[in-house]
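So the sequence lines, in the order shown, correspond to chains A and B.
Each residue of the first sequence is one higher than the one before, counting from 683 in our numbering.
Each residue of the second sequence is one higher than the one before, counting from 53 in our numbering.
Using N, Cα and C, we set each Cβ at its ideal position, and we do this for glycine too.
Remarks on the structure that follows.
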Amino acid sequence: MSPSSSIAAEPGAVPAPDEHHEHHPSYLVDGTTVKSWLLTLDHKRIGVMYLIWVLLFFLIGGIYALIVRLELLTPGPTIIDAMTYNRAFTMHGVVMIFLFMIPAIPGAFGNFMLPLMLGAKDVAFPKLNLASLYLLLSGAVIAIWGMINGGMDTGWTFYTPYSTHTTTTVAPILFGAFIIGFSSIATGLNFIVTTHTMRAPGITWFKMPLFVWAMYATACIQVLATPVLGLVLLLVVGENIFHFGIFDPARGGDPVLFQHLFWFYSHPAVYIMVLPSFGVMSEVVATYSRKNIFGYRAVAFSSLGIAFVGFFAWGHHMFVSGQSTFNAGVFAVLTMLVGVFTAIKVFNWVGTVYKGAVDFKTPFAYFCGFLYFTVFGGMTGVAFATASLDVPWHDTYFVVAHFHFIMVGATIMAFMAALHYWFPKMFGKTYHEGWGLVSAALIILGFNATFIPQFLLGNAGMPRRYYEYPERFQTLNVASTAGASLLAFGFIISAIYLVYALVYGQRASANPWHSRGYEWLTASPPPTHNFVGPQPTYTEEPHLYVGPEKSEVPDAV
Amino acid sequence: MQSSSAAGTAGAPHVPHVAAHFASREVQDHAARLGMWLFLATEILLFAGLFVCYANYRFLFPDAFAEASRHLDLTMGTINTLVLITSSFTAAMAVHYAKEGENKKVVWMFVLTILMALGFLVIKYFEYAHKFHEHQLPGPYYAYPGIQLPGVSMYFTIYFLSTGLHAFHVIVGMIVLGWVTLKAMRNEFNYSNYTAVELGSMYWHLVDLVWIFLFPMLYLI
Ligand code: HEM
Ligand SMILES: [Cu+2]
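Here it is in structure tokens:
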């Protein structure tokens, strides 16, 4: 027996899960009234509520995406008119970015797992946590109200001076986004304080699971970048209503200033979306390779590195805005630094899989897709960062394909991986592995089929956000739409077997993957206060697998 | 009143509640303080966006900005600066008294702070009224014949946006301090329990600090 078995040897650390146990019911059944859910301060219930909402937002955003793709099936008008098309792609972007990608992983899995991984009973500010969920929802309600009553046609980047002059309903949607920003700040602030103050004895900074590191780095960006977005959104709302002219060249205003302020947030924001994915994947890759993560500190620090240099790269969105050549060069170099930090992670993940005893389960399938999207998308990013290459590609479908590959690809892969990996922990049920793999394959294939044609379209010169296009682009557009349908089909399959598993799935054991992550040291689903009896002791690092044997980490139930 | 008086009797020190998920009072206070610092950082960043706007347009329209800033009421601005600095001092004294459990003095200090905040707003009101009267207004509403340089309306846009946002923070600060004052009236603070006072005054110092930047930016240079 290896010396590292002390986690499992801890009596009382892994209590038998028993829904009907009178004294320690799982968090799911501890209080069943609607109010006990809606007003709960339990981070796990809040996480589950986030999960439900972000899935709904994902559905709304997805429907808009399909509308856009269907419209582009033919060169001329297909199903909607030009104005509706403009609104549809704007809403697709706004919903997906502000209501799905930013809150999804931190809100659902961060909330659920962070305290469990820190051996804490809750996050530092449970009320703020609940408030942050309701801020998100009120922002969503205001924004969706705006969408129904008019919609907006600026694209999700709200570029001025167009956004200050368009007659569509900019104000409520931007105000909604402003409130959503507060929600994001509150979540980030809560996670930073939780990580600083709530770590159980034994969990030093360098024994924190890598998911916690990723959430921490994400939270730093959320806290430092979002206020600037808040201000700029307020300014645009004010502009749109009162026409002060701050970004209006007709009044001496400077639209490029808007771009600076906007991208000062929105470039870091892409890391708000993608860093949590990196964290999920570090957990997944260690668990299913049955190996200690290769280069723990490098992975942890590169998250902070990305968070840091992410603040100095925004200018690469302005290569064609009349920026000086010197600025373009500086921003190009700073942008490429992000690639270096990302590459560190990629090499460490690959190093972890190397010679591991890979257990090819659904989350691992998503890990493979993730690795591919990150590398491919990241390399197109490095190409983009080369200012001279950016000039022909700028505002073509190449940009769309790039950020979908890296940002959406990576985030979706991680979201699905997290959903499958932690499903037994969160709901105490198991899903059908075969269907899991089938739908993962469909989603990865569908994703490629959707966006590889878009790389080619962009390279051939098709601009983004156009309603009509020349005949010669049609084949690739049809391919892209077909891919999007396949993607949607993959998600529908997932939805079916996961809901089925929730209702009819077999009971999961406390640690079905034989993982060494700290969150598996309690029952599945966990009791209300996370741990029953004495707190588990944390003497081993969270990713320390000493041998390829599955049985080495007993399924402690 | 000394903190050692017996618990349970009237006027006894309030025994603070440790929330179930915290290991100890120290950890809980540490968390509260850290949370407040982070929040204040976000506030500074919010204003920083406006400072960036100011810098950008000052660079684009140096003459208009220099000329327009000479049309602000320097006397009122200076008085307001002094009022805010003094109020920051009384807020700091409140923390000092809270640590000693002198809740009455805490109440007094905060009442003074809130009164000065009110004074600040009154002076601001007269400044605003004067600007409205002269039509020194933002963007398209600007109609002041005195300065007709390109970009001058931008100055007043930024002036109203930044002082308006600051005034909003003054109001929020008054509410926060009012709430802590109520707690002090209930005799809640002592040497081991004064976090609320501390956080309230930290917020007030931020309001002061932002003004310390706004004042030279808008009135002096
Ligand atoms: C790691 C995660 C990354 C994410 C989530 C991401 C996301 C995005 C997004 C959303 C856009 C388009 C914004 C828009 O106009 O709507 C974009 C554009 C761009 N990205 Fe990335 N990116 C990532 C990595 C990189 C890297 C590593 C580089 C370079 C080394 C890079 C370079 C660029 C450049 C230069 C553009 C501007 C293209 C243009 O508009 O002309 N990105 N990225
Ligand atoms: Cu960027």
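If you run the structure through DSSP and keep just helix, strand and coil, what is residue 973(A)?
On the first sequence, residue 973(A) is found 291 positions in, with the first residue counted as 1. Here residue 973(A) sits in coil by DSSP.
Does the pairing of the stretch 261-273 of chain B with the stretch 116-132 of chain B give three or more beta-carbon distances under 8 Å?
Flag = yes, the stretch 261-273 of chain B and the stretch 116-132 of chain B touch.
Whose Cβ in chain B lies nearer than 8 Å to the Cβ of residue 803(A)?
The residue you call residue 803(A) lines up with position 121 of the first sequence. Those are 72, 73, listed as they occur along chain B.
In whole angstroms, what is the alpha-carbon distance linking residue 1076(A) and residue 1070(A)?
Here residue 1076(A) refers to the residue found at position 394 when the first sequence is read from its first residue. Here residue 1070(A) refers to the residue found at position 388 when the first sequence is read from its first residue. The alpha-carbon atoms of residue 1076(A) and residue 1070(A) are separated by roughly 10 Å.
Using a Cβ-based criterion (distance less than 8 Å to any ligand heavy atom), does residue 218(B) qualify as near ligand 2?
Locating residue 218(B) in the second sequence gives position 166, counting from the first residue. At a cut-off of 8 Å, the beta-carbon of residue 218(B) does not count as near ligand 2: no heavy atom of the ligand is closer than that.
Taking 7 Å as the limit between beta carbons, can you name the residues of its chain near residue 1044(A), skipping five residues before and five after?
For the purposes of this step, residue 1044(A) is identified with residue 362 of the first sequence, where counting begins at 1. Correct list, in chain order: 1102, 1115, 1118, 1119, 1122.
In whole angstroms, what separates the C-alpha of residue 190(B) from that of residue 177(B)?
Position 138 of the second sequence, counted from the start, is the residue given in the question as residue 190(B). Position 125 of the second sequence, counted from the start, is the residue given in the question as residue 177(B). Using only the alpha carbons, I get a separation of about 16 Å.
Is any beta-carbon of chain A found at less than 9 Å from that of residue 210(B)?
Taking the second sequence and counting its residues from 1, the one referred to as residue 210(B) is at position 158. For residue 210(B), the answer is yes, since a Cβ of chain A falls inside 9 Å of its Cβ.
Within its chain, find whatever has a CB closer than 6 Å to the CB of residue 155(B); leave out the 5 residues flanking it on each side and keep chain order.
Reading the second sequence from its first residue, position 103 is the one you call residue 155(B). For residue 155(B), where only same-chain residues beyond five positions count, the Cβ hits under 6 Å are 236, 239, 241.
Which runs of the beta strand (DSSP E) spanning at least 3 residues fall entirely within the stretch 193-242 of chain B, listed in chain order?
none
From the beta carbon of residue 851(A), is the nearest beta carbon of chain B less than 9 Å away?
Indexing the first sequence from 1 puts residue 851(A) at position 169. Closer than 9 Å: no.
Cβ of residue 1013(A) within 9 Å of Cβ of residue 1023(A)?
By one-based count along the first sequence, residue 1013(A) stands at place 331. By one-based count along the first sequence, residue 1023(A) stands at place 341. No, the Cβ-Cβ distance between residue 1013(A) and residue 1023(A) is not below 9 Å.
Check residue 937(A) in the structure and name its three-state DSSP category.
Taking the first sequence and counting its residues from 1, the one referred to as residue 937(A) is at position 255. Helix at residue 937(A).
Rounded to the nearest angstrom, what separates residue 1107(A) and residue 710(A) at their Cα positions?
Residue 1107(A) sits at position 425 when you count from the first residue of the first sequence. Residue 710(A) sits at position 28 when you count from the first residue of the first sequence. Approximately 11 Å between the Cα atoms of the pair.
So the alpha helix (DSSP H) residue 180(B) belongs to, where does it begin and stop?
The residue you call residue 180(B) lines up with position 128 of the second sequence. Run containing residue 180(B): 155-186, per the alpha helix (DSSP H) assignment.
Do we get a CB-CB distance below 9 Å when we pair residue 247(B) with the residues of chain A?
Counted from its first residue, the second sequence places residue 247(B) at position 195. Judged by the 9 Å Cβ criterion, residue 247(B) is not in contact with chain A.
Anyone know if the C-beta pair for residue 193(B) and residue 187(B) falls short of 9 Å?
Taking the first residue of the second sequence as 1, we reach residue 193(B) at position 141. Taking the first residue of the second sequence as 1, we reach residue 187(B) at position 135. Taking 9 Å as the Cβ cut-off, residue 193(B) and residue 187(B) qualify as a contacting pair.
Between the stretch 183-204 of chain B and chain A, which residues of the former have CB atoms less than 7 Å from a CB of the latter, in chain order?
Residues 190, 191, 192, 202, 203.
What residue from 823(A), 1209(A), 1047(A) has the CA that sits closest to residue 1099(A)'s CA?
Here residue 1099(A) is taken as the residue at index 417 of the first sequence, counted from 1. It is 1047(A).
Pick helix, strand or coil for residue 831(A), following the three-state DSSP scheme.
As a first step, residue 831(A) must be located in the first sequence, where it is residue number 149. Coil, per DSSP.
Show which residues of chain B have a CB atom less than 9 Å away from the CB atom of residue 925(A).
Residue mapping note: residue 925(A) aligns to position 243 of the first sequence, counting from 1. The answer, in chain order, is 191, 192.
Once DSSP output is grouped into helix, strand and coil, what is the label at residue 1106(A)?
On the first sequence, residue 1106(A) is found 424 positions in, with the first residue counted as 1. Correct three-state label for residue 1106(A): helix.
For residue 939(A), which residues from the same chain have a beta carbon less than 7 Å from its beta carbon, with the 5 sequence-adjacent residues on both sides left out?
In the first sequence, residue 939(A) corresponds to position 257, counting from 1. The answer, listed in chain order, is 929.
Report the CB separation of residue 782(A) from residue 736(A) in whole angstroms; it is logged as a contact under 8 Å.
Indexing the first sequence from 1 puts residue 782(A) at position 100. Indexing the first sequence from 1 puts residue 736(A) at position 54. Yes, they are in contact, since the Cβ atoms of residue 782(A) and residue 736(A) sit about 6 Å apart, within 8 Å.
Looking only at DSSP bridge pairs, what is residue 984(A) linked to?
Your numbering for residue 984(A) matches position 302 in the first sequence. None; residue 984(A) has no bridge partner.
Quick one: list the residues of chain A neighbouring residue 259(B), beta-carbon separation under 8 Å, in chain order.
Translated into positions along the second sequence, residue 259(B) becomes position 207. Ordered by position in chain A, no residue passes the 8 Å Cβ test against residue 259(B), which lies about 16 Å from the chain.
Alpha carbon to alpha carbon, how far is residue 149(B) from residue 158(B)?
Residue 149(B) sits at position 97 when you count from the first residue of the second sequence. Residue 158(B) sits at position 106 when you count from the first residue of the second sequence. C-alpha separation (whole angstroms): 6 Å.
Entirely within the stretch 995-1019 of chain A and at least 3 residues each: give me those beta strand (DSSP E) ranges in chain order.
Here no run is fully enclosed.
Compute the Euclidean distance between the alpha carbons of residue 703(A) and residue 726(A), then round it to the nearest angstrom.
For the purposes of this step, residue 703(A) is taken as residue 21 along the first sequence, with counting starting at 1. For the purposes of this step, residue 726(A) is taken as residue 44 along the first sequence, with counting starting at 1. Low confidence applies here, because residue 703(A) scores a pLDDT of 44, under 50, leaving its location unreliable; read the following figure in that light. Each residue's Cα considered, the two are about 19 Å apart.
Please list, in chain order, all residues of the same chain as residue 1257(A) whose beta carbon is under 7 Å from its beta carbon, the five residues on each side excluded.
Not covered by the structure: residue 1257(A). The range shown for chain A is 683 to 1239.
Are three or more beta carbon pairs between the stretch 127-146 of chain B and the stretch 164-174 of chain B nearer than 8 Å?
yes
Kindly identify the DSSP beta-bridge partner or partners of residue 803(A).
Against the first sequence, residue 803(A) aligns to sequence position 121. For residue 803(A), which the question treats as bridged, DSSP gives no partner whatsoever.
Does residue 703(A) come within less than 9 Å of chain B when only Cβ atoms are used?
Position 21 of the first sequence, counting from 1, holds the residue named residue 703(A). Its pLDDT being 44, under 50, residue 703(A) is placed unreliably in this model, and the coordinates cannot settle the point.
I need the DSSP call for residue 245(B), collapsed to helix, strand or coil.
Position 193 of the second sequence holds residue 245(B). DSSP places residue 245(B) in strand when its eight states are reduced to three.
Please report how far the alpha carbon of residue 173(B) lies from the alpha carbon of residue 207(B), in whole angstroms.
Taking the second sequence and counting its residues from 1, one reaches residue 173(B) at position 121. Taking the second sequence and counting its residues from 1, one reaches residue 207(B) at position 155. Approximately 21 Å between the Cα atoms of the pair.
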